[in-house]
Amino acid sequence: MGLSSPMARQARETAMNSVWQNHTLSELVAAKGRPVLVMQIPGGGNPPGFVVVYGIDPDTGCIDAFAVSHDGDPRVRIYHCR
Numbered sequence: 020m021g022l023s024s025p026m027a028r029q030a031r032e033t034a035m036n037s038v039w040q041n042h043t044l045s046e047l048v049a050a051k052g053r054p055v056l057v058m059q060i061p062g063g064g065n066p067p068g069f070v071v072v073y074g075i076d077p078d079t080g081c082i083d084a085f086a087v088s089h090d091g092d093p094r095v096r097i098y099h100c101r
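In terms of my numbering, the sequence shown opens at residue 20 and continues consecutively.
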């Protein structure tokens, strides 16, 4: 796993959010493949949703995680570098 600076991790988070926010889950899966893990948000989240987790980005060490809404056609709400 790459160990990178907090600035590099924040830059990845900003870039991934600019690319993926408000895109559909089907678009994300088409581009990145099936997630390695799908987790429910405790209490359902606000708005209700779930998290899809992908692998580790080797340049930043980010574990790529996307919060997705349950509304109609699921959409990416936000990307988190974990």
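Even for Gly, the Cβ is constructed at its ideal location relative to N, Cα and C.
Only a predicted model underlies this, so the values are computations on that prediction, with no experimental measurement involved.
So, at 6 Å on beta carbons, what are the nonlocal neighbours of Trp39 in its own chain, with the 5 sequence-adjacent residues on each side left out?
In the sequence shown, the residue the question calls residue 39 occupies position 20. These residues qualify, in order along the chain: Val95, Tyr98.
Nearest neighbour of Val70, chosen from Asp76, Gly91, Asp78, Leu44 [CA to CA]:
Here residue 70 refers to the residue found at position 51 of the sequence shown. When each option's Cα is compared against that of Val70, the closest is Leu44.
Grouping DSSP H, G and I as helix and E and B as strand, with all else coil, what is Gln59?
Translated into positions along the sequence shown, residue 59 becomes position 40. Strand at Gln59.
So, are the CB atoms of Gly80 and Ser37 less than 7 Å apart?
Position 61 of the sequence shown, counted from the start, is the residue given in the question as residue 80. Position 18 of the sequence shown, counted from the start, is the residue given in the question as residue 37. No, the Cβ-Cβ distance between Gly80 and Ser37 is not below 7 Å.
I'd like to confirm the pairing. Which residues does DSSP put opposite Arg94 in its beta bridges?
For the purposes of this step, residue 94 is identified with residue 75 of the sequence shown, where counting begins at 1. Arg94 has Thr43 as its beta-bridge partners, per DSSP.
Spatial distance of Gly74 from Gly91 (CA atoms):
Stepping through the sequence shown from its first residue, residue 74 is reached at position 55. Stepping through the sequence shown from its first residue, residue 91 is reached at position 72. Gly74 and Gly91 have their C-alpha atoms spaced approximately 26 Å apart.
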